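Encoded as structure tokens, the structure appears first; notes follow it.
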Amino acid sequence: MDNGVQKNPLSGKKIALFVVYGLIAVLLLIFVLKINDMPSILEQIKNADIGNLLLALVLILVYMALYPLSLCILTKARKTKVSMPITYTVAMTEHFFNGITPWATGGQPFQAYSFSKAKVRISESTGLLLTNLVIYMVASTSLSLLGLFHFDTLVAEIDPLWLPVIFIGYAMNYIMLAVMLLLGLSTKVRNGLLKCARFFCKFKLFKRFEPRIQGLQTYFEQVQDAFHDLTKKKGHFILALISKIASLVFFYLANFFILRAMHIEVGCGDMLLILAAASFVNTAVGFIPTPGASGGAEGATGQIFKSVIIFLVGGSAAAASLTANGLMLIWRLLSYYFVMLVSLISYIGLEVYFARKSKKE
Numbered sequence: 455m456d457n458g459v460q461k462n463p464l465s466g467k468k469i470a471l472f473v474v475y476g477l478i479a480v481l482l483l484i485f486v487l488k489i490n491d492m493p494s495i496l497e498q499i500k501n502a503d504i505g506n507l508l509l510a511l512v513l514i515l516v517y518m519a520l521y522p523l524s525l526c527i528l529t530k531a532r533k534t535k536v537s538m539p540i541t542y543t544v545a546m547t548e549h550f551f552n553g554i555t556p557w558a559t560g561g562q563p564f565q566a567y568s569f570s571k572a573k574v575r576i577s578e579s580t581g582l583l584l585t586n587l588v589i590y591m592v593a594s595t596s597l598s599l600l601g602l603f604h605f606d607t608l609v610a611e612i613d614p615l616w617l618p619v620i621f622i623g624y625a626m627n628y629i630m631l632a633v634m635l636l637l638g639l640s641t642k643v644r645n646g647l648l649k650c651a652r653f654f655c656k657f658k659l660f661k662r663f664e665p666r667i668q669g670l671q672t673y674f675e676q677v678q679d680a681f682h683d684l685t686k687k688k689g690h691f692i693l694a695l696i697s698k699i700a701s702l703v704f705f706y707l708a709n710f711f712i713l714r715a716m717h718i719e720v721g722c723g724d725m726l727l728i729l730a731a732a733s734f735v736n737t738a739v740g741f742i743p744t745p746g747a748s749g750g751a752e753g754a755t756g757q758i759f760k761s762v763i764i765f766l767v768g769g770s771a772a773a774a775s776l777t778a779n780g781l782m783l784i785w786r787l788l789s790y791y792f793v794m795l796v797s798l799i800s801y802i803g804l805e806v807y808f809a810r811k812s813k814k815e
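Heads up: the sequence shown is residues 455 to 815, going by the working numbering.
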């Protein structure tokens, strides 16, 4: 079973597909900039305070430095035979593949592939990655509760058409967290999936997969065993969760310095509201099926932070919208395109390392 999963994902068709996803993301950003009066936004950026922009960049870098720690903690807890530098780099590659695939679904499969090149069994890496994904979802959904406490403030000035998007986004995130937990913990779900596989294998079209059912069962059992083992190690699990929450806090608070760069008078007392707004946006648009939620993320950021700006400093909706659009552009450049670029460099470095190692062997 593992052999089938470990096939090289970088086939010509898949490379072309990833290129298409990347182009969609870029085109959607250009479209958003165009409809939001690009010259005015560029003027906002031109007049921005460089010092605060650099501080925002520093927070994004801290976020990136902390983000891989949860996976490193889990591999150490599991005593997986893989070096920490390799694990750290594998964790760093997640941003790129999530950023160029719909619903951010590309990260974990490619991480499992990279782990397989480091001689880690697919079932073992899947258990690690499933646990790491659950930790991320617990961290992000926990922080998103702050958004609900400030709900009236955050939606006070938004277009009412965005309200269904927000409700669906929150519902989808909590449903996905429940599904991930069931996949990791429930033997009933596991047996149900196996029954479905056996049922389909009765048909001629799928008959050839019948010999693989036993391998699939073993794979599920090993994944759930790894998940059970990691969740029982409460100290490591909690430490991994704290590291993930800390990384997201730095990620979201970059908006505080972007607002200051846009000459919005915000103080330390406003950090909680800004953190709530950023986590609110992240949860609301995570389900949008475009690469990196492109289009939806930009629109939601502009809408929510328009409400935040009016609440904090007042002014007209038009002026607040212009500033919010400028913030949206800087935020997406730092949090999406810059992060993806660093992640891509990490992946290239990892592939170069594996290629050289393979030649030596």
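Note that beta-carbon positions come from the ideal geometry of N, C-alpha and C, so glycine has one too. On a predicted model such as this, the values are computed, not experimentally measured, just so you know.
- Our two residues, residue 786 and residue 719, have alpha carbons roughly 21 angstroms apart in a direct line.
- DSSP places residue 563 in the uninterrupted alpha helix (DSSP H) bounded by 561-571.
- Rounded to whole angstroms, the gap between the alpha carbons of residue 604 and residue 730 is 7 angstroms.
- Within the model, the alpha-carbon separation for residue 520 versus residue 543 is close to 12 angstroms.
- Unbroken alpha helix (DSSP H) runs of no fewer than 4 residues, entirely contained in the region 718-747, are found at 725-739, following chain order.
- Of all C-beta pairs linking the region 518-537 to the region 772-785, fewer than three are shorter than 8 angstroms, placing the two stretches out of contact.
- The alpha-carbon of residue 632 is positioned some 36 angstroms away from that of residue 509.
- In this structure, the alpha-carbon of residue 772 lies about 37 angstroms from that of residue 548.
- For residue 768, there is no enclosing alpha helix (DSSP H), since its DSSP letter is neither H nor E.
- Taking a 10 Å sphere around the C-beta of residue 810, we find fewer than 16 other C-beta atoms and assign the residue as exposed.
- Note that the C-beta distance between residue 624 and residue 755 is not below 8 angstroms.
- The beta carbons of residue 699 and residue 710 sit no closer together than 8 angstroms.
- In this structure, residue 576 sits away from residue 568, with a CB-CB distance that is not shorter than 8 angstroms.
- For residue 526, the enclosing alpha helix (DSSP H) covers residues 523-532.
- The residues 510, 513, 514, in chain order, have a CB closer than 6 angstroms to that of residue 708 in the same chain once the five nearest residues on each side in sequence are set aside.
- For residue 593, the uninterrupted alpha helix (DSSP H) run begins and ends at 576-603, by DSSP.
- Leaving aside the five residues that flank residue 725 on each side, the residues in its chain whose CB is nearer than 8 angstroms to its CB run, in chain order, 707, 710.
- In the structure shown, the three-state DSSP call for residue 611 is coil.
- DSSP places residue 503 outside both helix and strand once states are collapsed to three, so it counts as coil.
- Using a Cβ distance threshold of 8 angstroms, residue 527 and residue 697 count as a contacting pair.
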